[in-house]
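Read the structure below first, then the notes.
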Amino acid sequence: MNRTVLIIGLLIVAVVVAILFMGLGKDPAHIESPLIGRPAPGFALKAVGSNETIDLTRYRGKPVVLNFWATWCVPCWDEHPVLTANAQMAGDRVQYLGVVFQDEESKIRDFLEQRGWAYPTLVDQAGKTAIAYGVGGVPETYFLDKNGVIVAKFAGPMSAEDIQKNLQKAMQ
Amino acid sequence: MIAFLLVLALQMKVPDAEQFVGKPQGTPLTGEQLNLKTQQVGALLRCPVCQGLSVSDSPSEMAVNMKGQVRELLSRGYTQEQILSYFERSYGQFVLLKPKFNGVAAAVWILPLLAVAIGVVIVVSKAKKLEAAPAGNRQPTTDNPSDDPYISRVRELVEKP
Chain R
2 MNRTVLIIGL LIVAVVVAIL FMGLGKDPAH IESPLIGRPA PGFALKAVGS NETIDLTRYR
62 GKPVVLNFWA TWCVPCWDEH PVLTANAQMA GDRVQYLGVV FQDEESKIRD FLEQRGWAYP
122 TLVDQAGKTA IAYGVGGVPE TYFLDKNGVI VAKFAGPMSA EDIQKNLQKA MQ
Chain G
683 MIAFLLVLAL QMKVPDAEQF VGKPQGTPLT GEQLNLKTQQ VGALLRCPVC QGLSVSDSPS
743 EMAVNMKGQV RELLSRGYTQ EQILSYFERS YGQFVLLKPK FNGVAAAVWI LPLLAVAIGV
803 VIVVSKAKKL EAAPAGNRQP TTDNPSDDPY ISRVRELVEK P
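Protein sequences, first through last, are from chains R and G.
In this text, residue positions in the first sequence follow the working numbering: the first is 2, and each later residue adds one.
In this text, residue positions in the second sequence follow the working numbering: the first is 683, and each later residue adds one.
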């Protein structure tokens, strides 16, 4: 009887240690998005450099790359040319959208005029859209399929390979 | 110009809590009650860009925005549970400073208690076995030698004429 009890006890300790060890192996900065597989929260935001309001539903029918960024975010400076080049390559097949939060429109316009823009950039007042998407920091990118469902999330600056890898999920 | 900006503002649409957690189920709060409840609900939410700080305690812009949204939802009559669900829907359980008692979180609490309980069972069963051991295997336990049956027997034999 004692041996059985001892084995059960050891098993429990092993399970607890395994759970804690799994937690240690995780990157604390990486937050798994519960929105994967769910419809993307809808929004209609003002586009920088124009008086147009862009509604996300406008792009239903093609994959969307939704990039949250800000001009004060240094990694976003490195990511910007990668996104611009990919957007130019994709043409009409994929819609790229930038959403800037915690920033000023004049600074965004200056940034884009200096570094170029290939797709609409929208202003997120009071960060409400970022909060609805669960943005924890910038840059952060969400990949939407043609039905407007979030299929992938990438936290941090993306390389061309990262974009293509995640875009493939959105194009399936 | 003002009319144009007004039209533009009306066209703008941000994701609303109603899409995700339904209509408000509480009473709209105002004044001091609203300030107090905003502070309380903000203290239950983790600031996603900080190191272990709540939304109420963090001065970061992200936390200020989240706190502003908590305040707005409370003023519209959303309950604490609805607001926490709304943020959890976007950020997952990570955003809750008091995680729910389910899944892996529950296992981490329950399993050590179970291990302690099993330890107690082992100790008790060992103690019972020692207690039940045959008397011949044990040393005399009494402090008074006159009470010991062995000593009494020896005494009897010595005192016999």
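Positions of the beta carbon are idealized from the N, C-alpha and C atoms, including for glycine.
Predicted, not measured: the structure shown is a model, and the values here were computed from it.
Determine the chain B residues that contact G:N747 at a beta-carbon separation under 9 Å, and present them in chain order. In the displayed structure, chain B is absent; the protein chains listed are R and G.
Evaluate R:R4 with the Cβ neighbour count: other Cβ atoms within 10 Å of its Cβ, from every protein chain shown; 16 or more gives buried, anything less gives exposed. For the purposes of this step, residue 4 of chain R is identified with residue 3 of the first sequence, where counting begins at 1. By the neighbour-count rule (16 or more Cβ atoms within 10 Å), R:R4 is not buried but exposed.
Going by alpha carbons, who is nearest to R:G10 out of G:L812, G:I833, G:I792, G:L839? For this step, residue 10 of chain R is matched to residue 9 along the first sequence. Taking only the C-alpha atoms, the option nearest R:G10 is G:I792.
Which residues in the same chain have their Cβ closer than 6 Å to the Cβ of R:L57, if we skip the five residues on either side of it in sequence? Stepping through the first sequence from its first residue, residue 57 of chain R is reached at position 56. For R:L57, where only same-chain residues beyond five positions count, the Cβ hits under 6 Å are G43, F44.
Show which residues of chain G have a CB atom less than 9 Å away from the CB atom of R:I164. Within the first sequence, residue 164 of chain R is the residue found at index 163, counting from 1. Under the 9 Å cutoff, chain G gives no residues; its nearest Cβ is about 23 Å from R:I164.
Between R:L145, R:F144, R:G128, which lies nearest to R:G1 when the distance is taken from Cα to Cα? Residue numbering for chain R in the displayed model covers 2 to 173; residue 1 of chain R lies beyond these limits and cannot be assessed.
In this structure, does DSSP put R:V83 in helix, strand or coil? Counted from its first residue, the first sequence places residue 83 of chain R at position 82. If DSSP states are grouped into helix, strand and coil, R:V83 belongs with the helices.
What does a CB cutoff of less than 6 Å around G:A745 pick up in its chain, not counting 5 residues either side in sequence? Taking the first residue of the second sequence as 1, we reach residue 745 of chain G at position 63. Contacts found: C729, V737.
Cα separation between G:V696 and R:Q103? Translated into positions along the second sequence, residue 696 of chain G becomes position 14. Translated into positions along the first sequence, residue 103 of chain R becomes position 102. Taking the straight line from one Cα to the other gives about 15 Å.
Measuring CB to CB, does G:L796 end up less than 8 Å from R:I109? Locating residue 796 of chain G in the second sequence gives position 114, where the first residue counts as 1. Locating residue 109 of chain R in the first sequence gives position 108, where the first residue counts as 1. It is not a contact, given that the beta carbons lie outside the stated cut-off.
Here's a check: name, in chain order, each residue in its chain whose Cβ is nearer than 7 Å to the Cβ of R:D125, leaving out the five neighbours to either side. Translated into the one-based positions of the first sequence, residue 125 of chain R becomes position 124. Excluding sequence neighbours, R:D125 sits near L46, V100, V101, F102, A131.
Which residues share a DSSP beta bridge with R:G99? Locating residue 99 of chain R in the first sequence gives position 98, where the first residue counts as 1. According to DSSP, R:G99 bridges with R:N68, R:T122.
Assuming G:L716 is part of the alpha helix (DSSP H), what are its boundary residues? What you label residue 716 of chain G is simply residue 34 of the second sequence in a count that begins at 1. For G:L716, the enclosing alpha helix (DSSP H) has its first and last residue at 713-724.
So G:V797 contacts chain R; which residues on that side make the cut at Cβ distance below 7 Å? Reading the second sequence from its first residue, position 115 is the one you call residue 797 of chain G. Val is not the amino acid found at residue 797 of chain G; the sequence shown has Ala there. Within chain R, the residues near G:A797 are G10, I13, V14.
Quick check: what's the CA-CA separation for R:A156 versus R:T142? Translated into the one-based positions of the first sequence, residue 156 of chain R becomes position 155. Translated into the one-based positions of the first sequence, residue 142 of chain R becomes position 141. Looking at the two C-alpha atoms, the distance is approximately 6 Å.
Count Cβ pairs between the region 754-766 of chain G and the region 701-717 of chain G that sit closer than 8 Å; are there 3 or more? With the rule of 3 Cβ pairs closer than 8 Å, the region 754-766 of chain G counts as touching the region 701-717 of chain G.
What does G:I804 touch in chain R if you count any residue whose Cβ is under 9 Å from its own? As a first step, residue 804 of chain G is located in the second sequence; it is residue number 122 there, counting from the start. Result: N3, V6, L7, G10.
Where the region 728-760 of chain G meets chain R: residues whose CB sits under 8 Å from a CB there: When CB distances to chain R are screened at a threshold of 8 Å, the residues of the region 728-760 of chain G falling below it are P730, V731, E743, M744, N747, M748, G750, Q751, in chain order.
Bounding residues of the beta strand (DSSP E) (the contiguous stretch that carries R:E141): Numbered from 1 along the first sequence, position 140 holds the residue referred to as residue 141 of chain R. Per DSSP, R:E141 is one residue of the beta strand (DSSP E) stretching across 141-145.
List the residues of chain G that R:E33 touches, going by C-beta distances under 9 Å, in chain order. By one-based count along the first sequence, residue 33 of chain R stands at place 32. Within 9 Å Cβ-Cβ: G774, F776.
Considering R:F155, what are the terminal residues of the alpha helix (DSSP H) in which it resides? Here residue 155 of chain R corresponds to residue number 154 of the first sequence, with the count starting at 1. From DSSP, R:F155 is part of no alpha helix (DSSP H) but of the beta strand (DSSP E) over 151-156.
Return the Cβ separation of R:G149 and R:P40 in integer angstroms, given the expectation that the two are a contact with Cβ distance under 8 Å. Counting from 1 along the first sequence, the entry for residue 149 of chain R is found at position 148. Counting from 1 along the first sequence, the entry for residue 40 of chain R is found at position 39. The Cβ separation is near 6 Å, so the contact holds.
For a contact meaning CB atoms closer than 9 Å, what does G:P781 contact in chain R? Position 99 of the second sequence, counted from the first residue, corresponds to residue 781 of chain G. Near G:P781 there are no residues of chain R at all, since even the closest Cβ is about 12 Å away, more than 9 Å.
Secondary structure of R:A45, DSSP reduced to three states: As a first step, residue 45 of chain R must be located in the first sequence, where it is residue number 44. In this structure, R:A45 counts as strand in the three-state DSSP scheme.
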